[in-house]
Amino acid sequence: MTNFKSITFFAVLLSCLSVSKAEKVEVVVEGATFIAQTDEDFICVALDWWPTNKCDYDQCPWGQAGLFNLDLNNKILEKAIKAFHPLRIRVGGSLQDQVVYNVQNNIENCQPFQKQDKGFLFGFSIGCLDMKRWDELNEFFNQTRAKVTFGLNALIGRKESETEKTLWVGDWYSHNARDLMSYTISKGYKIDSYELGNELCGVGVSARIEAKQYAKDMATLKNLVKEMYPNPKTQPKILGPGGFYDKKWFDTFLDASGHDVIDGVTHHIYNLGPGNNPDVVRRVQDPFFLTQIAQTFKDVSNAIDKFAPWSGAWVSESGGAYNSGGQLVSYTFAFGFWYLDQLGMTSIYNHKVYCRQALTGGNYALLNTTTFIPNPDYYGALLWHRVMGSKVLSVTHKGSPYLRVYSHCAKKEPGVSFVFINLSKNTSFEIDLFHDLNLNGGSPNFEFKGHKEREEYHLTPKDGNILSSVVLLNGTPLELLDSLEIPELKPKLVVGLTPIRIAAHSIAFVTIRDFNAPACS
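Under mature numbering (1 follows the signal peptide of the UniProt record, and there is no 0), residues -22 to -1, 1 to 499 are what the sequence shown spells out, in order.
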């Protein structure tokens, strides 16, 4: 009996040790120079046009979240946006190329999108935006201090090719956009940038435009914006093409666009497959899968360096899994592995802005489509916005590939901030930092030992279940206050001389104020 108890105790002990196994990792930061730089307002979210009856895989996850239906008086929505001071919002999506603007009140029966069986893109009719709703949207953006990118209809004035399927031909008809801009300026509404078209590049999604034609239309938009906004200091930026990267198409487009026409080269990312793909939850934890998309970010950045060095790369829409997001995954803690890793990778490859689909609506919403209560990724986005500065540092380690590490200068000086993403279910990590100041490579100069307390924000899922939609910050569930305010995100202060400990299946933001990187001074 004693032997049986001893064996049982030993087996339980081994089990505990295997579950809580910690791996020591040396992380090297090159602090002499920064390798890339993002916009100060790198974090962006989308508000889309989808109506209530946008359905995929026998579910209709958009509810009242579309721009025609969104409750702009909802206090949770308002406070969730205000918490960013400011939040960049992209107004657009698949249906933007079917939106007409009823500025002159000359469109009879001006109605939102209606479901159509055939003859229209994505199964919906033309949608008409009246100025009453445009006023309401802009009052909301002004009240929440949002930074707005507006997606213009790029198909207006064109017709479908008689010889090539999905190809649309002819020049962009800019008069409706001119009317909208004129009205917007007369009302004092601020637009940070205009993006022309949605997913019309390369082979397109439901429609496509040839690269040289698109370049010609971008020049038309640039001239229109210069005319309507003559002050260069307040002139909105011009963005495009807002679709999936295709090397030949992008190279031709950028080469033909002309000097200083495009301010932001925008592309979209949905690398996890369709929303009903049962493999999504495995993919978001697979470091080898996550890394595959880095080549696209690098290719876009290289194309800009070659053909349009005056502009910058933007991800203007990214939802991971297409057709409204991954069922049972995109609104859970697990999706943060993919999302924050995307933010880290795009920043390394010199992307200025990363726009998440969507603020609300679809399975991938940062805010619950019905209640507007924040999902876990909302807090990850908010922490990135508050902690990670615009200058990107090179950071490497030779430990497990399941540990992802990104480093930036701290948002508020002084110091350096890190995000650690632990994709492993069973392994925790103990991090020792090394500071490499050797510009010519070689061994790190010294092991960094902090003397000031570190600021640590550890995000973990409720009950250790990564498919939970409840996230804990330093062990405490993040829940709205009774006043409906976003909860305060307080760091845990940790003695600087101790290793940084990253639990299994967790995400941690860490700021070290006495990490003196010359790149950040």
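We put the beta carbon where it would ideally sit given N, CA and C, even for glycine.
Judged by DSSP in its simplified three-state form, VAL365 adopts helix. Out of LYS226, LEU401, GLN213 and GLU295, the CA that lies nearest to the CA of PHE267 is found in LEU401. Just measuring C-alpha positions, the residue of LYS(-2), ILE67 and CYS38 sitting nearest LEU344 is ILE67.
Each residue's CA atom was taken as its position, placing ASN346 and LEU361 some 19 Å apart. Counting only residues of its own chain and dropping the five nearest sequence neighbours on each side, MET159 has a CB closer than 6 Å to the CB of MET206. Distance from the Cα of TYR192 is smallest, within the candidate group VAL203, GLY180, LEU202 and SER184, for GLY180. With respect to TYR384, ASP355 sits apart: the two C-beta atoms are not nearer than 7 Å.
For secondary structure counted as the beta strand (DSSP E) over 3 or more consecutive residues, the segment 69 to 149 holds these complete runs in sequence order: 77 to 80, 105 to 108 and 125 to 130.
A Cβ-Cβ separation of about 7 Å places VAL7 in contact with ASP414 under the 8 Å criterion.
GLY393 and PHE412 have their C-alpha atoms spaced approximately 15 Å apart. Across the set GLY303, LEU199, GLY251 and TYR327, the C-alpha of TYR327 shows the shortest separation from the C-alpha of VAL278. As the crow flies, the alpha-carbon of LYS110 is around 25 Å from that of THR212. Runs of beta strand (DSSP E) with 3 or more residues, each lying fully within the segment 167 to 226, are found at 171 to 174 and 215 to 221, listed in chain order. Shortest Cα-Cα distance from THR144 to any of LEU178, ASN154 and TYR161 involves LEU178. In the three-state DSSP reduction, CYS22 falls in the strand class (E or B). In the three-state DSSP reduction, ASP414 falls in the strand class (E or B). Separation of LYS60 and ILE464 (C-alpha to C-alpha, rounded to the nearest whole angstrom) is 10 Å. Residue pairing by DSSP places TRP27 opposite no residue, since no beta bridge is assigned to it. CYS387 sits in a strand when the DSSP states are folded into three classes.
Beyond the five residues adjoining it in sequence on each side, GLY148 comes within less than 7 Å, by CB distance, of GLY135, ARG136 and LYS137 in the same chain, given in chain order. ASP34 carries a strand assignment under DSSP once its states are collapsed to helix, strand and coil. Between PHE407 and LEU381, the C-beta spacing is below 7 Å. Rounded to the nearest whole angstrom, the C-alpha separation of LYS390 and ILE399 is 22 Å.
In the three-state reduction of the DSSP assignment, PRO496 falls in the helix class, which pools H, G and I. ARG156 carries a helical assignment under DSSP once its states are collapsed to helix, strand and coil. Distances from the alpha-carbon of GLY70 to those of LEU458, ASN341, LYS427 and SER296 put SER296 closest. Assignment of ASN280 by DSSP, reduced to helix, strand and coil, places it in the helix class. Counting C-beta pairs with one atom in each stretch, the segment 113 to 127 and the segment 26 to 37 have fewer than three that are closer than 8 Å, which means they do not touch. HIS329 is a Cβ neighbour of ALA291, given a cutoff of 7 Å. Nearest Cα to VAL370 within the set LEU450, ALA497 and ASN301: ALA497. PRO265: not part of any beta strand (DSSP E); member of the alpha helix (DSSP H) spanning 265 to 270, first to last residue.
Taking 8 Å as the upper bound for CB-CB distance, ILE271 and ASN249 are in contact here, some 5 Å apart. Residue nearest to ASP264 within the set PRO379, LYS190 and ASN154 is PRO379 (criterion: CA-CA distance). Straight-line measurement puts the Cα of TRP40 at about 38 Å from the Cα of PRO210. Taking a cut-off of 8 Å on C-beta distances, the segment 474 to 493 touches the segment 426 to 433, as three or more cross pairs fall below it. TRP292 carries a strand assignment under DSSP once its states are collapsed to helix, strand and coil.
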